[in-house]
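Below you'll find the structure, written out as structure tokens, and then a few comments.
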Amino acid sequence: MRIGMLTSGGDAPGLNAVIRGAVLVGTSVYHHEFVGFTDGWKGLVENDTLPLTRHEVKGISKQGGTILGTSRTNPFEGRGGVDRINEVFAENRLDALIAIGGEGTLAAAKRLTDAGIRIVGVPKTVDNDLDATDYTFGFDTAVQIATEAMDRLRTTGDAHNRCMVAEVMGRHVGWIALHSGMAAGAHAILIPEQNTSMEQLCAWVQSAYDRGRAPLVVVAEGFTLDGADEPHSERGLDAFGRPRLGGIGELIAPMIEARTGIETRATTLGHIQRGGTPSAFDRVLATRLGMAAIAAVNDERWGEMVALRGTEIVRVPFEAALGSLKTVPQERYDEAALLFG
Ligand code: F6P
1 MRIGMLTSGG DAPGLNAVIR GAVLVGTSVY HHEFVGFTDG WKGLVENDTL PLTRHEVKGI
61 SKQGGTILGT SRTNPFEGRG GVDRINEVFA ENRLDALIAI GGEGTLAAAK RLTDAGIRIV
121 GVPKTVDNDL DATDYTFGFD TAVQIATEAM DRLRTTGDAH NRCMVAEVMG RHVGWIALHS
181 GMAAGAHAIL IPEQNTSMEQ LCAWVQSAYD RGRAPLVVVA EGFTLDGADE PHSERGLDAF
241 GRPRLGGIGE LIAPMIEART GIETRATTLG HIQRGGTPSA FDRVLATRLG MAAIAAVNDE
301 RWGEMVALRG TEIVRVPFEA ALGSLKTVPQ ERYDEAALLF G
């Protein structure tokens, strides 16, 4: 078979390991050929291709980013659409496409599959917010990076007796905040799923401070401040029309300082969480997903994506990944909150 491959949406550590896993097993076991499309759906619509042989994927599973490039492009916009994509399929003599991406990518993949285009999906998001898979690759790396950063914030916070606020990614859900905050021993964790008042937050900060600790507050970028209708956003919209988040940490730090009198500093970890070498866990997960995507192509399971359930890689229809978010359950937050303050 000739198989196209693209990575779309925000990058996540492990994308290259998916590509390598798929290309290695595809070429050496099944004698498939591969065509890489650059910058997500954009490359498919514009027929912008890269060769993808064993040679190109040599040693890339430890590399961050994606050798194919990525973008947030809607394949139905501009000169895109079903007819154009069928044309590009024909020009490249493609039998199938593997689309690696998050909710937006999988939603587009579903529309295209419904129109008869042969696509298998691989889920991706550092936020870990896709319901149909237990973990997405990139999440473990992001948590590790955030935890290491917080360990550092704690030593400088301790040295100055300051409250340190660390802002992490998490548009709709607080998994990165919950896991990195727990790992770093945060005194408060603020996530999009929970309404936490400034009064409660300052009580946790004060109680940690009164015990002689430098309070660490972890806040997810998608947290909504008490009394606000939306998460904090001051940077316009992204290509999918979603508000660009970021800055909530800088917003709450002076509020904490004003209410408690404790000197407070904020750090936004931002894209550092998505860059660099993937963890071993993410490399293994991503490699297995890439290999499983080839098995799904071999079985002609169009409209399905590969996913992690427990320790097994399974196949689920695209629609199972769409529409419902994997939020932090109340009991997981309550469990973490027992250690706040
Ligand atoms: O969706 C994943 C994510 O990492 C979000 O947490 C964040 O809001 C967004 O991507 C930022 O991505 P970018 O700056 O690349 O648009």
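Be aware that the sequence shown starts at 1, since it is given in UniProt numbering, and climbs by one per residue.
Glycine residues also receive a C-beta, built at the ideal position from the N, C-alpha and C atoms.
Quick caveat, the model's predicted, so the values are computed rather than measured.
- Please state whether DSSP places A132 in a helix, a strand or coil. coil
- Query: Per DSSP, residue 416 forms a beta bridge with which residues?
  - Reply: The structure shown does not extend to residue 416, since the chain is modelled only from 1 to 341, so the question has no answer here.
- Message: Restricting to Cα atoms, I'd like to know which of N161, R152, G36 is closest to F89.
- Response: G36
- Regarding M150 and the ligand F6P, is the C-beta to nearest heavy atom distance less than 7 angstroms? no
- Item | Span of the beta strand (DSSP E), counted from its first residue to its last, around T7 | 2-7
- Message: According to DSSP, is R301 part of a helix, a strand, or is it coil?
- Response: coil
- Message: Quick check: the region 5-23 against the region 95-102, are at least 3 beta-carbon pairs closer than 8 angstroms?
- Response: yes
- Query: Are the Cβ atoms of I294 and A22 separated by less than 8 angstroms?
  - Reply: yes
- Pairwise C-alpha distance: R72 and D229: 26 angstroms
- Evaluate contact between the region 329-339 and the region 178-189, counting only Cβ atoms and requiring at least three cross-stretch pairs below 8 angstroms. yes
- Touch check for the region 269-279 and the region 140-153: three-plus C-beta pairs under 8 angstroms? yes
- Straight-line gap, D129 to L289 (C-alpha atoms, nearest Å): 17 angstroms
- Task: Would you kindly report the start and end of the unbroken beta strand (DSSP E) that includes T49?
- Result: 49-51
- Message: Considering only the alpha carbon of each residue, which of V306, I313, Q330, G310 lies closest to A321?
- Response: V306
- Nearest to G181 (by Cα), restricted to the options R111, L44, M164, G10: M164
- Buried or exposed for R154, please, with buried defined as at least 16 other CB atoms from any protein chain shown within 10 angstroms of its CB. buried
- For T311, does the count of other Cβ atoms within 10 angstroms reach 16, so buried, or fall short, so exposed? exposed
- Item | Start-to-end residues for the alpha helix (DSSP H) that takes in I85 | 82-91
- Message: Can you determine whether any heavy atom of the ligand F6P sits closer than 7 angstroms to the C-beta of T327, and answer yes or no?
- Response: no
- Item | Contact test: V126 Cβ vs the ligand F6P heavy atom, cutoff 7 angstroms | yes
- Message: In this structure, how does DSSP classify R111 when only helix, strand and coil are distinguished?
- Response: helix
- If you compare alpha carbons, which of L24, G157, P75 is closest to V45? P75
- DSSP three-state call for P317: helix, strand or coil? strand
- Is DSSP giving F139 helix, strand or coil here? helix
- Query: What first and last residue would you give for the alpha helix (DSSP H) that runs through G26?
  - Reply: 15-28
- What number of angstroms, rounded off, separates the C-alpha of G104 from the C-alpha of S207? 42 angstroms
- Message: Using C-beta distances below 6 angstroms, list every residue in its chain close to K42, excluding the 5 sequence neighbours before and after it, in chain order.
- Response: S71, T73
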